[in-house]
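A.B. asks: Supplied in structure tokens, the structure appears directly below.
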Amino acid sequence: MEKTARLKVTDAFGVQKILPLLKPVFTIGRKVDNDLQVMSNGASRHHGSIIYENGVYLLVDTGSKRGTFINGERVERTELHHLDRISLGGVDDYQIQFIASDAPVELFSSAATGPQVASAEPRLSATAKEQLKNLARYVEVNQAFKFSLTPNDVLRLIVDAAVELAAAERGLILLINQEGKLTFKVARDNKRNNVPRKDFALSTSIVKQVVRKQQTAVLKVGDEPSDTAHSVMFLGLRTAICVPLIRFQMQDKMDATSDGRRELIGVLYLDSRAVTGKLSQTSLKLLESLAFEASKAFENVRLMHESQEKQKLEREFQTAREVQVALMPVNSVKSERFDLVAHSIPCRYVAGDFYDLMRLPDGRVALTLADVSGKGISAALLAAVAQGVIEAQFSAGHSPAEVAGTLNRVIVNRSDANRFLTMFCAVVDSDGGLAWVNAGHNPSILARRDGQTEELATKSLVVGAFDFAEYHVSHTRLGPGDVVFSFSDGVTEAVNSSGELFGDERLLELVRTSVSLTAEKIKDRVLEELLAFTSGLPQGDDVTVVALTMK
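To convert, note that position 53 of the sequence shown is 42 in this note's numbering; the numbers rise steadily by one, no gaps.
Given below as structure tokens:
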């Protein structure tokens, strides 16, 4: 670019800054991804842009509903000239002035809304020097916000800078918690030492006033009598300042005319017992601007910190899932007389459903499908314990009823009252004999080769809820071509986009018409039909299936 113009911007707090127009397209609007973010009631999310084209700068309105104005006149696309005043939505809480490339610019005007420095004087007054010092500190802190690693880092930085800007003795930040109450976060003195909460008596009346009005309050001894002033005097304070910490919530569904919702996230409180000089209007504006920028910085760091914690938790869940998968038994058992296949799909990283297929020393095969109440890590832990007990009991030669009874006693004695599981466990031998217990679980489907179907259900109670529960074995005989299909309620209770359940009847018919298939293909067919039915909607529960086919 042949030349570089600038924008002179005065924000709502009266703080001025100069922005060089270094990009061919310089964007302006409410959202943070703009080159100039303007938190003005008149600004749209992406309000307009300044385009450098053929040696001139053009101001372009990019579809805002409140309009873009140059020197009070609404424009859509126009060339910018030196000292043109830009207004967004006809609201002047932000003052934006275009400075041509060959023109000098005075950052500090004599307007009452901004810092005042007599630029024509060869020497600066003490007041001007103090204002420059404060402004330099403000800029320094704003830069430091970018490198703060934790929310607590930001809070300490805010208090230290505010104490310095206001020449206060102490500073404190209170943040609103999830219950809507102010909670102590950090307190510091003017030597940058932490101050324990028990040692920090503050004027609660001024804090309540700021929370109610969401406006800065400044009280000094000698002000007109009020309840707030009395509390300051009672504490032996000479000055108390309280500034609201405001967050503007930008929502994706806001239109161009919507205002960002102001939300109070806390307060910045400062006080002094010693007599201090009068807090200038400029210093107060800088303090308010610092609080505003600090709120944004704190929110950004908090969100980043939460994201990092979430990623850490997700990694831990992934590790837990890998461990759970590693502990899973074989997912298929084949013999001359029958085939067994199992599969489990968790709705979260770890599942509360589990299955177990194991060959017994006498040549029989034990199969188990269980569903632990609840979801997530706690359910997965109980599932791991239950799986260990079941394997140990079957390996010792116990019947399905004895396995269920032992597991019930273990859970009742060692787990919370609200922790239990439903379970179908069975033993099949090479002659087709099937012995099973259904402990409150979905009845398994027995589909005969001739098209007849039965439900393998007993009236046994769930496992782990009652110490008096008893379990009884049921028996049947399987012939060549017969199928036993066990499943968790994540199958039949799956819902499609219309709110319709997959249901027992649909599953029963699907298994009945699949008796000619192998166990592997029956399992695949059911899962494919389930996926097609839900149209890829997120699972509401774990899905686990076990298919047994007789040869």
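By construction, the Cβ of each residue, glycine as well, lies at the ideal position given by its N, Cα and C atoms.
So what does K540 bridge to, in DSSP terms?
C.D. replies: In the DSSP output, where bridge partners are listed per residue, K540 has none listed.
A.B. asks: Which first and last residues belong to the alpha helix (DSSP H) in which S384 is found?
C.D. replies: Here the alpha helix (DSSP H) through S384 covers G365 to S384.
A.B. asks: Any idea which residues DSSP pairs G37 with across the strands?
C.D. replies: DSSP output for G37 lists I17 and D50 as bridge partner(s).
A.B. asks: Within a Cβ cutoff of 8 Å, which residues of the same chain sit near V200, ignoring the five residues on either side of it in sequence?
C.D. replies: Taken in chain order, the residues that qualify are L171, P233, L253 and V256.
A.B. asks: I'd like the list of long-range same chain contacts for A109, defined as Cβ closer than 6 Å, with 5 residues on each side in sequence excluded.
C.D. replies: Because A109 sits at a pLDDT of 31, beneath the cut-off of 50, its placement in the model cannot be relied upon, and the following sentence gives the value as read from the coordinates. Result list for A109: empty, nothing under 6 Å.
A.B. asks: Between the Cα of G525 and the Cα atoms of R495, N485, L346 and D178, which residue gives the shortest distance?
C.D. replies: Of the candidates R495, N485, L346 and D178, the one whose C-alpha sits nearest the C-alpha of G525 is N485.
A.B. asks: On the DSSP bridge list, what partners appear for L257?
C.D. replies: According to DSSP, L257 bridges with I162 and V232.
A.B. asks: Note down the Cα distance separating T482 from V472, rounded to an integer number of angstroms.
C.D. replies: The sequence as given places Glu at residue 482; Thr does not occur at that position. About 22 Å.
A.B. asks: Give the straight-line distance between the Cα atoms of L349 and N407, rounded to the nearest whole angstrom.
C.D. replies: When rounded, the distance between both Cα atoms is 33 Å.
A.B. asks: How would you label S475, buried or exposed, when you count the other beta carbons within 10 angstroms and need 16 or more for buried?
C.D. replies: Buried.
A.B. asks: If you count every other CB in all the chains shown that lies within 10 Å of the CB of K512, and 16 or more means buried, which is it?
C.D. replies: Buried: at least 16 other Cβ atoms inside 10 Å.
A.B. asks: Is the distance from the Cβ of A428 to the Cβ of V392 below 7 Å?
C.D. replies: In this structure, V392 does not lie closer than 7 Å to A428 by Cβ.
A.B. asks: Between the stretch 47 to 55 and the stretch 28 to 39, do three or more beta carbon pairs fall short of 8 Å?
C.D. replies: These segments touch.
A.B. asks: Give the single residue among G169, L163 and T205 whose Cα lies nearest to the Cα of F189.
C.D. replies: Nearest option by C-alpha distance: L163.
A.B. asks: In its own chain, which residues sit with a C-beta less than 7 Å from the C-beta of G492, not counting the 5 before and 5 after it?
C.D. replies: So the list reads T481, once near-sequence residues are dropped.
A.B. asks: Which first and last residues belong to the alpha helix (DSSP H) in which E168 is found?
C.D. replies: Run containing E168: none; DSSP gives neither H nor E here.
A.B. asks: Taking 6 Å as the limit between beta carbons, can you name the residues of its chain near A89, skipping five residues before and five after?
C.D. replies: Excluding residues within five positions, the ones whose Cβ falls inside 6 Å are A(-6) and H71.
A.B. asks: Could you check whether L467 and M549 sit closer than 7 Å to each other, using their CB atoms as the reference points?
C.D. replies: This structure gives no information on residue 549, because the portion of the chain shown stretches from -10 to 540.
A.B. asks: For I147, list the residues DSSP reports as bridge partners.
C.D. replies: BP columns for I147 are empty, so no partner.
A.B. asks: For the alpha helix (DSSP H) that contains T481, what are its first and last residues?
C.D. replies: T481 -> alpha helix (DSSP H) spans D478 to T481.
A.B. asks: Note down the Cα distance separating V45 from D73, rounded to an integer number of angstroms.
C.D. replies: Whole-angstrom Cα-Cα distance: 14 Å.
A.B. asks: Taking just the CA atoms, how far does H294 sit from S333?
C.D. replies: Distance between the alpha carbons of S333 and H294 is about 34 Å.
A.B. asks: Which residue marks the beginning of the alpha helix (DSSP H) containing P432, and which one marks its end?
C.D. replies: That residue, P432, is in no alpha helix (DSSP H); it is neither H nor E in DSSP.
A.B. asks: Does the Cβ of P389 have 16 or more other Cβ atoms within 10 Å, making it buried, or fewer, making it exposed?
C.D. replies: So P389 counts as buried.
A.B. asks: Evaluate P185 with the Cβ neighbour count: other Cβ atoms within 10 Å of its Cβ, from every protein chain shown; 16 or more gives buried, anything less gives exposed.
C.D. replies: P185 comes out exposed.
A.B. asks: Which same chain residues, not among the five before or five after T67, have their C-beta less than 8 Å away from its C-beta?
C.D. replies: Result list for T67: L47, L48 and I59, in chain order.
A.B. asks: Looking at the unbroken alpha helix (DSSP H) that takes in F327, where does it start and where does it end?
C.D. replies: Taken as a continuous stretch (DSSP letters only), F327 belongs to no alpha helix (DSSP H), being part of the beta strand (DSSP E) at F327 to I334.
A.B. asks: Around the Cβ of K187, are there at least 16 other Cβ atoms within 10 angstroms (buried) or fewer (exposed)?
C.D. replies: Answer is exposed; the Cβ neighbour count stays below 16.
A.B. asks: Provide the residue(s) that pair with Q300 in DSSP beta bridges, ordered along the chain.
C.D. replies: Paired residues: none, contrary to the question.
A.B. asks: With a Cβ-Cβ cutoff of 7 Å, do L435 and A359 count as a contact?
C.D. replies: It is not a contact, given that the beta carbons lie outside the stated cut-off.
A.B. asks: Could you tell me whether any Cβ in chain C is nearer than 7 Å to the Cβ of V500?
C.D. replies: Of the chains in the structure shown, none is chain C; there is only one protein chain.
A.B. asks: How far does the alpha helix (DSSP H) with S362 in it reach, from first residue to last?
C.D. replies: Element bounds for S362: n/a, residue is neither H nor E.
A.B. asks: What does a CB cutoff of less than 7 Å around L224 pick up in its chain, not counting 5 residues either side in sequence?
C.D. replies: A190 and S192, listed in sequence order.
A.B. asks: Can you list, in chain order, the residues of its chain whose CB lies under 7 Å from that of G460, leaving out five sequence neighbours each side?
C.D. replies: Before going on, a small fix: residue 460 reads as Tyr here, not Gly. Only A390, A393, G394, V426, A428 and S449 meet the Cβ criterion.
A.B. asks: How many angstroms separate the CA atom of V416 from the CA atom of N289?
C.D. replies: The alpha-carbon atoms of V416 and N289 are separated by roughly 58 Å.
A.B. asks: On the three-state DSSP scale, how would you describe M412?
C.D. replies: Strand at M412.
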